[in-house]
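According to my numbering, the sequence shown is numbered sequentially starting from 180.
Note that beta-carbon positions come from the ideal geometry of N, C-alpha and C, so glycine has one too.
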Amino acid sequence: MHDISYTMPPEWAEHDSTWLSWPHKEASWPGRFEPVPDVFAEMAAMLCRYETVNINVLDDAMKKDASRRILKRARTEADMRRIRFHFVPTDDAWCRDHGPNYVFATEDGATRKVIVDWNYNAWGGKYEPYDSDDSVPEKIASIQDIGIVKPGMVLEGGAIDVNGRGLLLTTEACLLNPNRNPSMTRDEIEARLMRFLGVRKVLWLGDGILGDDTDGHVDDIARFVDERTVVVAVEEDPLDENYGLLQDNYRRLLDFTDTEGHPLHVVKLPMPEPVYYDNERLPASYANFYIANRQVLVPLYRSSRDEAALDILRRCFPSREIVGIDCTDLIWGLGAIHCVTHEEPSLR
């Protein structure tokens, strides 16, 4: 019997599906929930063109409402047949963080898909209850009849990004925060990531952007777009409060190397102008895009910098359609497209 080795594919690898958890917690978008389900419907209608979209719903009424909204936006009936609903209870809609972290498990020369079920505590116990969200990976593993492994560590999907060649990006502000894994050292956290995600080197950025209630998820800051290239959010206004922390992250990326000692190719991605609602600075970032089959869904904020961000990402993904989605309502929940999607990679 040989040891099992795990590998987490990068987001741009072929998907079997994308998972969403349909929004229902109005308190996550106080006073502004009404347009949010339509943003999810727009995302689902785009995604189902090229891959299955699995959607967690609470009950049949929610399923019917979601289906009606998506149908209004879907291109064809064939696309709609790629929409699948599952009665999986959730506390909130942030599927990136509570959803299934799929990896490939290889043992005795055979490879299968399994789910790594990290502990989930709603970003350090900020929002209760979260028991239903914590149980989502187990429910999905049961639905799909696939294996599940439990590393015994708190981790959200938005806190990490991988390149599929041994590198993992994360932030000190989030993963070293005592509200996640207070008994674990930095080395122990790295060892757990390496064991269960198959990475060989962890690249540590510093702080996250203003307004991010996750304590600094990397998916608002820096993202791999291929094995050697990282896009990084930068703020050009030195008077903006994000300027210094984003400059620090940019400088760190310039110093990082891959597993073979080669420097990374670092591409700057602008930040939108500050987005406020009820005098609250929101964590609006173009880095919160989602790489789907043949598409990249990019959050837009009705900003003069939207088009520049789209142009940069078109150059990063020349073989994919770049699809902008208005997230000025969604971001009031303190997250955008990447925060609500989770890829299921294909073994084929």
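Exercise for the section: For the region 256-281, list the beta strand (DSSP E) runs that are entirely contained and at least 3 residues long, ordered along the chain. Expected result: 262-266
Practice task
Could you tell me whether the Cβ atoms of R460 and G390 are closer together than 8 Å?
Solution key: Locating residue 460 in the sequence shown gives position 281, where the first residue counts as 1. Locating residue 390 in the sequence shown gives position 211, where the first residue counts as 1. Closer than 8 Å, so yes.
Handout entry: Three-way DSSP call (helix, strand, coil) for F496 in this model
Key = Position 317 of the sequence shown, counted from the first residue, corresponds to residue 496. Residue state, collapsed to three classes: coil.
Problem - Alpha carbon of D398 to alpha carbon of A223, nearest angstrom - result: Within the sequence shown, residue 398 is the residue found at index 219, counting from 1. Within the sequence shown, residue 223 is the residue found at index 44, counting from 1. About 20 Å.
Practice task
May I ask you to report which of helix, strand or coil DSSP gives I183?
Solution key: Your numbering for residue 183 matches position 4 in the sequence shown. Reduced to three states, the DSSP call for I183 is coil.
Problem - Whether N467 touches I501 by CB criterion (8 Å) - result: Within the sequence shown, numbered from 1, the residue matching residue 467 stands at position 288. Within the sequence shown, numbered from 1, the residue matching residue 501 stands at position 322. Contact flag unset, no.
Handout entry: Three-state secondary structure assigned by DSSP to S530
Key = Shown here, the chain extends from 180 to 527; a query on residue 530 therefore has no answer.
Practice task
Report the option in V411, I262, H277 whose CA atom is closest to the CA atom of K447.
Solution key: Along the sequence shown, one-based indexing puts residue 447 at 268. Looking from the CA of K447, the closest CA among V411, I262, H277 belongs to V411.
Practice task
Return the Cβ separation of F403 and P189 in integer angstroms, given the expectation that the two are a contact with Cβ distance under 8 Å.
Solution key: By 1-based counting over the sequence shown, the position of residue 403 is 224. By 1-based counting over the sequence shown, the position of residue 189 is 10. That belief holds up - the Cβ atoms of F403 and P189 are roughly 6 Å apart, short of 8 Å.
Practice task
Give a yes or no on whether the C-beta atoms belonging to N235 and V267 are separated by under 8 Å.
Solution key: Residue numbering aside, residue 235 sits at position 56 when the sequence shown is read from its first letter. Residue numbering aside, residue 267 sits at position 88 when the sequence shown is read from its first letter. Yes, these two residues count as a Cβ contact at 8 Å.
Practice task
Could you pull the start and end residues of the alpha helix (DSSP H) that R371 belongs to?
Solution key: By 1-based counting over the sequence shown, the position of residue 371 is 192. Per DSSP, R371 belongs to the alpha helix (DSSP H) from 365-376.
Handout entry: CA nearest to the CA of G336, picked from G326, L347, A487
Key = Counted from its first residue, the sequence shown places residue 336 at position 157. Nearest C-alpha to G336: L347.
Problem - For E522 and D366, the rounded distance between their alpha carbons - result: Stepping through the sequence shown from its first residue, residue 366 is reached at position 187. Stepping through the sequence shown from its first residue, residue 522 is reached at position 343. Their Cα atoms are separated by approximately 28 Å.
Practice task
Confirm, please, whether the CB-CB distance from W191 to I166 is below 8 Å.
Solution key: Outside the displayed range of the chain (180 to 527) lies residue 166, so it cannot be described from this structure.
Handout entry: Reduced DSSP secondary structure (H/G/I, E/B, other) of F468
Key = Locating residue 468 in the sequence shown gives position 289, counting from the first residue. The answer is coil: DSSP assigns F468 none of H, G, I, E or B.
Practice task
Can you tell me which of the three DSSP states A463 falls into?
Solution key: For the purposes of this step, residue 463 is taken as residue 284 along the sequence shown, with counting starting at 1. Coil, per DSSP.
Exercise for the section: Quick one: measure Cβ to Cβ for N428 and H194, integer angstroms, because I've assumed they're closer than 8 Å. Expected result: On the sequence shown, position 249 is the one that residue 428 refers to. On the sequence shown, position 15 is the one that residue 194 refers to. With 8 Å as the limit, N428 and H194 do not qualify as a contact, their Cβ atoms being about 28 Å apart.
Practice task
Please report how far the alpha carbon of M363 lies from the alpha carbon of V333, in whole angstroms.
Solution key: Here residue 363 refers to the residue found at position 184 of the sequence shown. Here residue 333 refers to the residue found at position 154 of the sequence shown. Taking the straight line joining both Cα atoms gives about 10 Å.
Handout entry: Alpha-carbon to alpha-carbon, Y422 and P453
Key = By 1-based counting over the sequence shown, the position of residue 453 is 274. By 1-based counting over the sequence shown, the position of residue 422 is 243. C-alpha separation (whole angstroms): 12 Å.
Problem - For K305 and Y480, the rounded distance between their alpha carbons - result: Working through the sequence shown from its first residue, we reach residue 480 at position 301. Working through the sequence shown from its first residue, we reach residue 305 at position 126. Taking the straight line joining both Cα atoms gives about 26 Å.
Exercise for the section: Mind the definition here: the region 323-330 touches the region 350-361 only if three or more C-beta pairs lie below 8 Å; say whether that holds. Expected result: By the Cβ test, the region 323-330 is not in contact with the region 350-361, since fewer than three Cβ pairs between them sit closer than 8 Å.
Exercise for the section: Starting from E523, follow the beta strand (DSSP E) in both directions and report where the run begins and ends. Expected result: The residue labelled residue 523 in the question sits at position 344 within the sequence shown. Residues 521-524.
Problem - As assigned by DSSP and simplified to three states, the class of I491 - result: As a working mapping, residue 491 is identified with position 312 in the sequence shown. DSSP places I491 in helix when its eight states are reduced to three.
Practice task
Check the Cβ-Cβ distances between N342 and every residue of chain D, and say whether any is below 8 Å.
Solution key: The structure shown contains no chain D; it holds only a single protein chain.
Exercise for the section: Using a threshold of 8 Å, state whether the C-beta atoms of K204 and D270 are closer than that. Expected result: Along the sequence shown, one-based indexing puts residue 204 at 25. Along the sequence shown, one-based indexing puts residue 270 at 91. Taking 8 Å as the Cβ cut-off, K204 and D270 qualify as a contacting pair.
Exercise for the section: Would you check if the distance between the CB atom of V519 and the CB atom of R252 is smaller than 8 Å? Expected result: If you number the sequence shown from 1, residue 519 lands on position 340. If you number the sequence shown from 1, residue 252 lands on position 73. With respect to the 8 Å criterion, V519 and R252 are not classified as neighbours on the basis of their beta carbons.
Exercise for the section: Please name the residue, chosen from E351, K292, A463, L492, that lies closest to R527 on a Cα-to-Cα basis. Expected result: Counting from one through the sequence shown, the residue named residue 527 turns up at place 348. When each option's Cα is compared against that of R527, the closest is K292.
Practice task
Would you identify the three-state DSSP class for W208, choosing helix, strand or coil?
Solution key: The sequence position of residue 208 within the sequence shown is 29, counting from 1. Here DSSP, grouped into helix, strand and coil, assigns W208 to coil.
Practice task
Put K329 into one of helix, strand or coil per three-state DSSP.
Solution key: Here residue 329 refers to the residue found at position 150 when the sequence shown is read from its first residue. Looking at K329 - three-state DSSP - the assignment turns out to be coil, as it is neither helix nor strand.
Exercise for the section: Inspect the beta-carbon positions of I262 and V232 and report whether they are closer than 8 Å. Expected result: In the sequence shown, residue 262 corresponds to position 83, counting from 1. In the sequence shown, residue 232 corresponds to position 53, counting from 1. Contact flag set, yes.
Problem - Bounding residues of the alpha helix (DSSP H) (the contiguous stretch that carries K305) - result: Here residue 305 refers to the residue found at position 126 when the sequence shown is read from its first residue. Run containing K305: none; DSSP gives neither H nor E here.
Problem - Own chain partners of W383 with C-beta closer than 6 Å, once the 5 adjacent residues on each side are dropped - result: In the sequence shown, residue 383 corresponds to position 204, counting from 1. E351, listed in sequence order.
Exercise for the section: Quick one: grab the DSSP three-state call for I510. Expected result: By one-based count along the sequence shown, residue 510 stands at place 331. Helix at I510.
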